[in-house]
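Protein chains in written order, with this note's numbering: chain A, 219 to 723; chain B, 2 to 158; chain C, 140 to 328; chain D, 10 to 131.
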């Protein structure tokens, strides 16, 4: 194993502890240090592609100490978090000059990255909770960073619902511990497999679904997201929509459901229905919005629905004993959509930040004709919009196509119809963005605006390249076999997770 | 913000030292008796908060200013991370390895003595520093903010 | 089982204090009831043979109360006003109680109170962490206090996370309460 | 029975956090939930007639360097206590942040009533 796993937590953590020591005047040094930290994480994540392993903290044997696990699924998430946080950090360098207390902002940003990496790597359920709290608390503070009226209100709403979700999860952990006497996920899974689910564990599972569902903003639990994501500064919106809801919500939920409790038919249906509800409701709510970031936030709910729906469909097929090829295809579609969405949604939020930076407003009806003055923003935004709407050569098309094939082949024709329908909704909402923001006449008051070049445009162009090249991840067999397939195998393997972890050196 | 009456002031100037000592005791003996870094740190912070409540904010800030508290907070956190990373360097990639105990103290009959437990007392002290500084800071900031917003006539929309 | 009556008494005290804290219209009274819950809980931890937590809980409770009272006192309105929607409250109470009545069954499967979870788990599994913590903390880590051994050696990584949570939230509070939020002279807003 | 009462406390806190309109009341509801979860975890580790998980002079066999079996068979579970210690500090941190947001909001709006703090819609 080339990169020791604690590095992914230690680098951002130590940097975050150092950053508040910088004063306001030395913020250039702080920015440089923070960018080096995210760059190092990106290098580490790329170096550990295709690796797997278990790291025992303090060299204690497994159920006594805490273990960190890197397998296909967590490796995929680590890579996504690193790419998006690298771009968002670059974008922050110029964008955050508007606000004071920049070193503290950078520190909170890195703490959020620490929390996400910790959640993704953890093999211990209480440890997962602790790192989830780090990431959540950092994000509550970052949502309220501007300290305006809307920011504070959104931050409070987010914090209340987030704290309730955390308490649900902690109560669930207590119930699991009471019933199995263990906190290590591999050992819990073994104990559950040994004697089956009793009522206490079922209740714990319900609490986990509600708690992680709240963190992921799936539809009955989505109330906080459309307020919190638009209120945050643009790079933070990109992080929240791009990776935070995935690492804290979807990843943790899927890991607990598939690898610890084991997928059943009922659970598969629960995930499927949560996903479909999110897809449809998020899509309809997004179309009516005139605030550009609010539209994108609702569209995040809708796109996250695709991910959960695909993985739930795969689980359902596995639990029903259907054709495993279609199950694999559905899960592959879900996971591929997850990383696609991370890249293009964060790019969209960065472009919205660039637009807001130049024009000073988020209302789409007050913009227009910006394609002349913001050419790079326009180009990157068009790429991301085409990708999210599923225009053929781009990656969003492939993931939706895979989901469609899997749904139809497994006999869920109605699901295929919904997938196509929501794809059309997405296309409409992003055509609306293009129409209102970039086409048409430039209003009087925006005549003098110009694009801010430098780190902001560089970050957007970088993500746009990723966005274009993302399709290769699926189409080049070698890349697919090293990046996507191991993640699919982890989920399809289900409860074999525990024996694999315990056997690993 | 001038503080409380003379009785409170003279009692708290005595009690302050006792609370401070108790906090330090609880921290240092954390691996032998109930307590530990967190409880010790909170008690340490309480002694300064007592000072602040009795004598007023300015007096407490003379003893420990916000800037210093913020630095102490970072230093404590870095010390704890350093204890973890020392294991990494010393014990061949053993993040959080209790290297002190395993190298020098195991089997030396040091059990139940003050110097035992390897890195545990060190971590306790680091955590005490970090928790004490940060909790003092939060109370100080809350009171500074209140003083500002009550004097500075913010407009309310 | 003489002991469990003490716990029952404490639990009833806590529930009553919580009900008062939720129901009273006086914000300061509500905060004081929270203090009662905290100190009652701390006593209960002492009877549950958890002196470490009892000490921490008392200290944290004092600080938490100071913070809460700072927030509520001297704000002009500590009494809540405005009529409540009676119907909405009845409906939400009914829904919550219906859910919790169903969920109460979930606690039947736990080991009886007084039997730790690890003892009943040890009947079916070979390795149970807590058993080893009690037996080997002194010899393997050198700390006589098993709780200190768990938080700072066996599971020290959790404690790093916990210290980080505190660091994060204090930093967040500093950021939220800063005076000047935006640099003037820049574009926008 | 005790576990059920603990859950009852949890539901009271949840009710307070979801239904009340005052920001400080909401914070109090979340605090009550935290207390109940902490109590629940510690109760899981309680052993009837047990002792605290701290080795004293009498329970230590200096010759073999091991603790006596009487201690092993009567100590309560240290693991949930360690978890609760962590959870208490986490809840203190989130309390501090929540209260800061509350009083900053109070400074902006002049009220703690969330029905009057409504700039964001839908």
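By construction, the Cβ of each residue, glycine as well, lies at the ideal position given by its N, Cα and C atoms.
Cβ distance (whole Å) where residue i is taken to contact residue j below 8 Å
i, j, result
"residue 249 of chain A", "residue 328 of chain A", "Wrong, their Cβ atoms sit about 12 Å apart, outside the cutoff."
"residue 435 of chain A", "residue 463 of chain A", "6 Å"
"residue 113 of chain D", "residue 212 of chain C", "At roughly 17 Å, the Cβ-Cβ gap does not stay under 8 Å, so residue 113 of chain D and residue 212 of chain C are not in contact."
"residue 43 of chain D", "residue 385 of chain A", "7 Å"
"residue 437 of chain A", "residue 492 of chain A", "7 Å"
"residue 722 of chain A", "residue 272 of chain A", "4 Å"
"residue 628 of chain A", "residue 540 of chain A", "6 Å"
"residue 18 of chain D", "residue 153 of chain C", "6 Å"
"residue 287 of chain A", "residue 720 of chain A", "Not quite, the Cβ-Cβ distance comes to about 11 Å (not below 8 Å), so this is no contact."
"residue 687 of chain A", "residue 698 of chain A", "Incorrect: roughly 13 Å between the Cβ atoms, too far for contact."
"residue 735 of chain A", "residue 700 of chain A", "Past the boundaries of the shown model lies residue 735 of chain A; chain A is included only from 219 to 723, so the question cannot be answered."
"residue 33 of chain B", "residue 284 of chain C", "6 Å"
"residue 517 of chain A", "residue 647 of chain A", "6 Å"
"residue 244 of chain C", "residue 417 of chain A", "5 Å"
Best match in the options for proximity to residue i [C-alpha to C-alpha]
i, options, result
"residue 264 of chain C", "A/710, A/353 and A/398", "A/398"
"residue 298 of chain A", "A/641, A/246, A/325 and A/456", "A/456"
"residue 637 of chain A", "A/523, A/666 and A/353", "A/523"
"residue 408 of chain A", "A/474, A/372 and A/389", "A/474"
"residue 400 of chain A", "A/546, A/222, A/628 and A/283", "A/283"
"residue 726 of chain A", "A/295, A/356, A/611 and A/335", "For residue 726 of chain A there is no data in the structure shown, the boundaries of chain A being 219 and 723."
"residue 257 of chain C", "A/228, A/466, A/225 and A/395", "A/395"
"residue 86 of chain D", "C/287, C/281 and C/171", "C/287"
"residue 706 of chain A", "A/495, A/571, A/293 and A/574", "A/293"
"residue 275 of chain C", "D/23, D/81 and D/55", "D/81"
"residue 40 of chain B", "C/313, C/196 and C/176", "C/196"
"residue 321 of chain C", "A/315, A/301, A/586 and A/693", "A/315"
"residue 667 of chain A", "A/461, A/595 and A/428", "A/595"
"residue 294 of chain C", "A/281, A/416, A/433 and A/392", "A/281"
"residue 88 of chain B", "A/277, A/300, A/285 and A/321", "A/277"
First and last residue of the uninterrupted alpha helix (DSSP H) at residue i
i, result
"residue 631 of chain A", "631-651"
"residue 417 of chain A", "417-434"
"residue 198 of chain C", "190-211"
"residue 111 of chain D", "87-118"
"residue 47 of chain B", "38-56"
"residue 442 of chain A", "It is not in any alpha helix (DSSP H) - residue 442 of chain A carries neither H nor E in the DSSP assignment."
"residue 398 of chain A", "367-398"
"residue 244 of chain C", "It is not in any alpha helix (DSSP H) - residue 244 of chain C carries neither H nor E in the DSSP assignment."
"residue 458 of chain A", "Careful: residue 458 of chain A lies outside any alpha helix (DSSP H) and carries neither H nor E."
"residue 267 of chain A", "No alpha helix (DSSP H) holds residue 267 of chain A; DSSP gives it neither H nor E."
Span of the beta strand (DSSP E) around residue i
i, result
"residue 288 of chain A", "285-288"
"residue 64 of chain D", "From DSSP, residue 64 of chain D is part of no beta strand (DSSP E); its letter is neither H nor E."
"residue 317 of chain C", "Careful: residue 317 of chain C lies outside any beta strand (DSSP E) and carries neither H nor E."
"residue 271 of chain A", "271-274"
Query raised in the report: If you pair each beta-carbon of the region 157-177 of chain C with each one of the region 48-66 of chain D, do three or more pairs fall below 8 Å?
Result: no
Query raised in the report: Between the region 31-60 of chain B and chain C, which residues of the former have CB atoms less than 9 Å from a CB of the latter, in chain order?
Result: 31, 32, 33, 34, 35, 36, 37, 38, 39, 40, 41, 42, 43, 44, 46, 47, 50 and 54
**Report entry** Meets three-Cβ-pair contact criterion under 8 Å: the region 118-127 of chain D and the region 80-92 of chain D
**Finding:** no
Requested in this report: Closer than 8 Å, Cβ to Cβ, to anything on chain D: give me those residues from the region 351-363 of chain A, in chain order.
Outcome: 351, 355, 358, 359 and 362
Query raised in the report: Looking at C-beta atoms only, is the number of pairs between the region 341-350 of chain A and the region 361-372 of chain A that lie closer than 8 Å three or more?
Result: no
Query raised in the report: Taking one C-beta from the region 65-77 of chain B and one from the region 250-266 of chain A each time, how about it: are there three or more such pairs within less than 8 Å?
Result: no
**Report entry** Short-range partners of chain B found in the region 240-259 of chain C, where Cβ spacing is below 9 Å
**Finding:** none
Query raised in the report: Would you call the region 548-555 of chain A and the region 638-658 of chain A touching, i.e. three or more CB-CB distances under 8 Å?
Result: no
Query raised in the report: Relative to chain C, which residues along the region 295-320 of chain A have a C-beta separation below 8 Å, given in chain order?
Result: 315, 316, 317, 318 and 319
Report task. Residues of the region 261-282 of chain C with a CB closer than 7 Å to any CB of chain D: list them in chain order, please. Result -> 268, 269, 272, 273, 274, 277 and 278
Report task. Scan the region 101-113 of chain D for residues whose Cβ lies nearer than 8 Å to a Cβ of chain A and list them as they occur along the chain. Result -> 102, 103, 106, 107, 110, 111 and 113
**Report entry** Segment contact, 8 Å Cβ cut-off, at least three pairs: the region 558-574 of chain A with the region 595-613 of chain A
**Finding:** yes
Query raised in the report: What residues in the region 180-205 of chain C have a beta carbon less than 7 Å from any beta carbon of chain B?
Result: 190, 191, 194, 195, 198, 199, 201, 202 and 205
Query raised in the report: Taking Cβ-Cβ distances below 8 Å as the criterion, which residues of the region 46-73 of chain D are in contact with chain C?
Result: 47, 48, 51, 52, 53, 54, 55, 56, 57, 58, 59, 60, 61, 62, 63, 64, 65 and 69
Report task. For the region 116-126 of chain B and the region 95-102 of chain B, state whether three or more C-beta atom pairs, one from each stretch, are separated by less than 8 Å. Result -> yes
Query raised in the report: When the Cβ atoms of the region 375-384 of chain A are set against those of the region 439-446 of chain A, are three or more pairs found closer than 8 Å?
Result: yes
Query raised in the report: Going along the chain, which residues of the region 108-137 of chain B sit with their C-beta nearer than 8 Å to a C-beta in chain C?
Result: 111, 112, 113, 117, 118, 119, 120, 121, 124, 125, 128, 131, 132, 135 and 136
**Report entry** Near-chain B residues of the region 27-47 of chain D (beta-carbon distance less than 9 Å), N- to C-terminal order
**Finding:** none
Query raised in the report: Touching or not, the region 308-323 of chain A and the region 291-308 of chain C, by the rule of three or more beta carbon pairs under 8 Å?
Result: no
**Report entry** Three or more C-beta pairs below 8 Å linking the region 233-247 of chain C and the region 412-432 of chain A
**Finding:** yes
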